[in-house]
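S.K.:
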């Protein structure tokens, strides 16, 4: 099975002024594409050749794992963003308020975690093993699937995600991130994850 | 003891066209400076308040280690570069490289491959082991050869902030440019 670079769910300039067309040109067109190409090269003729991304992520190690997880993480990240942004409401709003007291405090805690993450990686909102919401940071290509968690929202804090637009100021990028979070998508992830855990 | 940002051993535009003044503006003026500032904030009132940078690197963990090691790594990296650098080493460095890697070309290829394949943020090093042998090693994030008992001889910073302004995602191009700047006199001093 050859893995393909998924299309961006919006135009390359659709996230401006928060994330530039040039950033998406490189981040999606070069970085994400390179992970897919390297993955396809790495799995050729191996036991991973006909496995899904998620199966590879939970069973592989080394470069196969890194490239598969980065392929998955980026596809998920693009879907977590939207030019329309949108408002959080419904069940997830209730769950976030219950856990973090308010959406504002959740965003503050998530931002602090993202800003404080040392090196390359991802900050996630996940549903943990016991069905609780949690904010977690992971290094490099690491994935919540490897920790028994279900990803709901992610912010890419590799420098390539923000260096063109914000240089060393990760904080400015994380502030901008909140303007373009696709809450509809995140809510849908929460709904599916809750069903899966209830089943 | 307050740690201070050491002066760059050359002007900010001295490494052009290989590394731009803008990159040094951010890499030295913002990133390196931030590690120094964070370190000073973190050691205040702790057992490390009067410790040397090397001491902190050898003993501290987590944020303290990260900032101390990044201060040290960057200072070492600036010294590994020079506007008059590049070319091939001579003397003891050349001998050590030839006897370990076969030739300078083989060493260069192996070091470059290590740089390009170091996944995520980190550093590629040429080090001297305690038995006197030399080796190429990759470290992640702030990790330092010092804690492994190795003597750093040369380093290439492969954090994306080291090359994204000048080369975007093309780390191999940055590494190729790096060879035009290597300060072999500094490497020789480290080996001696």
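Residue numbers (our numbering), protein chains in the order written: chain S, 1 to 199; chain Y, 1001 to 1192. Glycine included, every Cβ here is placed at the ideal spot set by N, Cα and C.
(1) Would you mind sorting residue 1011 of chain Y into buried or exposed? The rule is 16 or more other CB atoms within 10 Å of its CB.
(2) According to DSSP, is residue 1029 of chain Y helix, strand or coil?
(3) Can you look up residue 1118 of chain Y in the DSSP assignment and give me helix, strand or coil?
(4) Kindly confirm or deny that the stretch 181-197 of chain S and the stretch 65-80 of chain S touch, where touching means at least three C-beta pairs closer than 8 Å.
(5) Which residues in chain S sit within 9 Å of residue 1159 of chain Y, going by Cβ to Cβ distance?
(6) Under a three-way DSSP split, which group does residue 1058 of chain Y fall into?
(7) In the DSSP assignment, the alpha helix (DSSP H) including residue 154 of chain S goes from what residue to what residue?
(8) Report yes if the CB atom of residue 1183 of chain Y is closer than 8 Å to the CB atom of residue 1098 of chain Y, and no otherwise.
(9) Determine, using beta carbons only, whether residue 1120 of chain Y comes closer than 8 Å to chain S.
(10) Taking only beta-carbon positions, decide if residue 1164 of chain Y is within less than 8 Å of chain S.
(11) Compute the distance between the beta-carbons of residue 133 of chain S and residue 99 of chain S, then report whether it is under 8 Å.
(12) Looking at the secondary structure, which residues open and close the beta strand (DSSP E) in which residue 1157 of chain Y lies?
(13) Just how far apart, CA to CA, sit residue 1095 of chain Y and residue 1102 of chain Y?
(14) Kindly confirm or deny that the stretch 1156-1165 of chain Y and the stretch 1110-1123 of chain Y touch, where touching means at least three C-beta pairs closer than 8 Å.
(15) Tell me where the beta strand (DSSP E) around residue 126 of chain S begins and ends.
(16) I believe residue 160 of chain S touches residue 27 of chain S by the beta-carbon criterion, under 8 Å. Please report the beta-carbon distance rounded to the nearest angstrom.
(17) Residues in the same chain with beta-carbon distance under 7 Å from residue 1112 of chain Y, minus the five sequence neighbours each way, listed in chain order, please.
(18) Count the CB pairs spanning the stretch 35-55 of chain S and the stretch 91-98 of chain S that are closer than 8 Å, and state whether there are at least three.
(19) I'd like the span of the alpha helix (DSSP H) that includes residue 1046 of chain Y, first residue to last.
M.R.: Taking the geometry as given:
(1) exposed
(2) helix
(3) coil
(4) yes
(5) 119, 120 and 159
(6) helix
(7) It is not in any alpha helix (DSSP H) - residue 154 of chain S instead sits in the beta strand (DSSP E) that spans 150-156.
(8) no
(9) yes
(10) yes
(11) yes
(12) 1151-1157
(13) 10 Å
(14) yes
(15) 121-127
(16) 6 Å
(17) 1175
(18) no
(19) Counting along the chain, residue 1046 of chain Y falls outside any alpha helix (DSSP H), and DSSP gives it neither H nor E.
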